[in-house]
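Just so you know, the protein sequences line up as chains Z and Y, in that order.
Numbering that gives the first Met the number 0 applies: residue 0 is where the first sequence begins, and numbers increase by one.
Numbering that gives the first Met the number 0 applies: residue 0 is where the second sequence begins, and numbers increase by one.
Glycine is no exception: its CB is placed at the ideal position from the N, C-alpha and C atoms.
Notes follow the structure.
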Amino acid sequence: MTSIWVYTQEQQGEPAAIALELVAKARSLGTVTSVYVGTGSQAAFATLGEHGVSAVIHIDPGHQLPAAAVAHALAGLVETAPPDLIMFGQAYDDRDVAGRLAARLGRSVLANAIDIEVGEATTTRHEIFGGSKIATATVTGPAPHIVLARPKSFAPEPAGGPAPTVTVVAPADPGRSSAVIKDSHAEEKEGPQLEEAAVIVTGGRGLGSADKYGLVEQVARPLNAATGATRAIVDAGWVPYSKQVGQTGKTVKPDVYIACGVSGAMQHLVGMKDSKTIIAINKDPDAPIFGVADLGIVGDVNNVLPKLIEALNQRS
Amino acid sequence: MNVVVCVKQIPDPAGPYSLEPDSHWLVRPAEQVLDDTDRYGVEMGLQIAQANQGTVTLVSMGPAGSMQGLRQALAMGADGAVSIDDPTLRGSDALLTARVLAAAISRRPFDLVIAGTESTDGYSGIVPQMLAEFLDVPALTYAKQVVVDNGAITINRQTAVGYDVVDATLPALVSVTAGVVEPRYPTFKGIMDAKKKPVEVLTLADLGIEPGIDQKVTSIADAPSRQAGQTIEDDGEAHLRIIELLESMKVI
């Protein structure tokens, strides 16, 4: 039976959402052990059990960044009893631990996977060129193979399993690689969130200037929509990074995605092209966003959006 | 203070990307550009070096070509560059890339290594962490703000819910997010000076590394395409089409 570890970062006392997505996939491939990194609780472990995790390796790095402290501890465990596969999410702490662990073990990593098969080799699928092509890749060599999967590639699915067995493993002393978390800040969350909203309105550079992002917010309000942004306007400092949709930001799959002044760069498309219905407004008729849009409007967002806002507000 | 900034030359993202037959490697023209996300790391390196009487050395792996991308970073003000270019590095994965960068960087004493969070063309997003492991230094990742003071480094690290303040001692590696600093535009003098700055070109033999890559792309297929939509010209009433569509979906 294929043995799989799933990296599970604790987030606000619970297993991170991406970890439960990975567990759902891992369960279809073999027996699942969660490498749970955080304070830990019976409730959190029970959640993992419900999702089909049979065993938990619990590591609490305390105030250390998980990277070296956890990766070095895992490398020790791998030496004695290697699993066949270790799955991580394409997420902050996951990438830190995966990178250091793979370097320590000398393993090639398949990153940004959207699907995984196990066998003699581990085979993964990846979206490239903004999702217009699918690449199939394999990794060979000694176990464990290491895969990082993109968020929302798999649907989390409780299976109703019993509480898993829990083994506590001490974090390693990271020595020269020590990095200490002094303080944590949570950003104020306002309004509908990108990850959950049924409707998302996103702004890009076609808006023209930072103050025009207000139009995006005004369209969003009557629709109870979350607001998003392209990398270009996040880099330009118009809106915070937490609004970024795309390869380096959030992956979203809402019912309706309204792209305002978004050209549709590869790195943006990969984060939103699986939305059920896509509406795009852009001045450039050749903009790639029209290639994925169900309704494309060639026009200036600064003309179309004020009229749209007025029409929406008249209805509500 | 010796500051090293990892940079990458990539095919111009404005042009269409294509793959070589059989190998499925990205086609890399001789003229490549500096990965836009690396401009933040270069700027950060220049600011820290200036405040600490240091120097900035660029390190880059990949087909050097015309070195246009490297010269862009040198024109911003970096002091020199190391370019590792070897035909056996074609199709490198993150692991081999990190091994090569680590070998090139550890030839000289360093205090701080700066990298982008991920490249625009490869975006595995794990090279900085692997590099830190090979160098045995802390990896301060996803930095939104960086302060170096008296042998210590403190960053604001982007997290899923906000940010953490993270401390370590030098030497260390930091990976920066876009927007961490405002990258400067090269001056005319900077562009002229960049042509004369030293670029050391190394092969794998120079670093004593045997290439080895355990992964490969086996096939490429078209993604299932979306049903073609409708694109219309705004005649002043196009917003009504959006309203109609939202109504038909019962969103409003």
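To be precise: take each residue of the region 185-200 of chain Z, compare its Cβ to all Cβ atoms of chain Y, and keep it if any distance is under 7 Å. Which residues remain? Correct list: 185, 186 and 198.
Residue 258 of chain Z by DSSP, collapsed to three states: which one? For residue 258 of chain Z, the secondary structure class from DSSP, reduced to helix, strand or coil, is strand.
According to DSSP, residue 86 of chain Z sits in a beta bridge with which residue or residues? According to DSSP, which records beta bridges pairwise, residue 86 of chain Z is partnered with Z:5 and Z:146.
Determine the closest residue to residue 150 of chain Z out of Z:229, Z:237 and Z:91, with distance taken between C-alpha atoms. When Z:229, Z:237 and Z:91 are compared, the shortest CA-CA separation from residue 150 of chain Z is found for Z:91.
Which whole-angstrom value describes the C-beta separation of residue 99 of chain Y and residue 60 of chain Y, a residue pair presumed to lie in contact below a C-beta threshold of 8 Å? The Cβ separation is near 5 Å, so the contact holds.
Looking at the secondary structure, which residues open and close the beta strand (DSSP E) in which residue 56 of chain Z lies? Counted as a single uninterrupted DSSP element, the beta strand (DSSP E) harbouring residue 56 of chain Z occupies residues 54-58.
Please state if the CB of residue 31 of chain Z and the CB of residue 18 of chain Z are separated by a distance shorter than 8 Å. For the pair residue 18 of chain Z and residue 31 of chain Z, the CB atoms are not nearer than the 8 Å cut-off.
Residue 172 of chain Z to residue 212 of chain Y span [Cα, whole Å]: Cα-Cα distance, rounded: 30 Å.
How would you write the range of the beta strand (DSSP E) that residue 277 of chain Z sits in, first residue to last? For residue 277 of chain Z, the uninterrupted beta strand (DSSP E) run begins and ends at 276-281, by DSSP.
Does DSSP put residue 162 of chain Y in a helix, a strand or coil? Note: residue 162 of chain Y maps to strand in three-state DSSP.
How close, in whole Å, do the beta carbons of residue 256 of chain Z and residue 241 of chain Z come, if the pair is a contact with beta carbons under 8 Å? Not confirmed; about 17 Å, so no contact.
8 Å Cβ cutoff, residue 107 of chain Z in contact with chain C: Any reference to chain C falls outside this structure, whose protein chains are Z and Y.
Distance check for residue 69 of chain Y and residue 79 of chain Y, CA to CA, integer angstroms please. Near 10 Å, if we compare the C-alpha coordinates of residue 69 of chain Y and residue 79 of chain Y.
Between which residues of its own chain and residue 210 of chain Y is the CB-CB distance below 7 Å, once the five residues before and five after are set aside? Excluding residues within five positions, the ones whose Cβ falls inside 7 Å are 87, 88, 95 and 203.
Flag residue 32 of chain Y as yes if its beta-carbon sits less than 8 Å from any beta-carbon of chain Z, otherwise no. No, residue 32 of chain Y does not count as interfacial toward chain Z.
Could you spell out where the alpha helix (DSSP H) holding residue 288 of chain Z opens and where it closes? No alpha helix (DSSP H) holds residue 288 of chain Z; DSSP gives it neither H nor E.
Evaluate contact between the region 176-188 of chain Z and the region 271-287 of chain Z, counting only Cβ atoms and requiring at least three cross-stretch pairs below 8 Å. Segments in contact, no.
Might you give, ordered along the chain, the residues of its own chain that have their beta carbon closer than 6 Å to the beta carbon of residue 237 of chain Z, omitting 5 neighbours on each side? Correct list, in chain order: 209 and 212.
Residues sharing a beta bridge with residue 211 of chain Z, DSSP: Answer is none; residue 211 of chain Z lacks a bridge partner.
Where does the unbroken alpha helix (DSSP H) through residue 192 of chain Z begin, and where does it stop? Residue 192 of chain Z -> no alpha helix (DSSP H), and no H or E assigned at all.
So for residue 71 of chain Z, helix, strand or coil by DSSP? It is helical.
Which bits of chain Y does residue 365 of chain Z rub up against, with CB to CB less than 9 Å? Coverage of chain Z is limited to positions 0 through 315, which leaves residue 365 of chain Z absent and any answer about it impossible.
Would you say residue 7 of chain Y lies against chain Z (beta-carbon separation less than 8 Å)? Residue 7 of chain Y does not count as touching chain Z.
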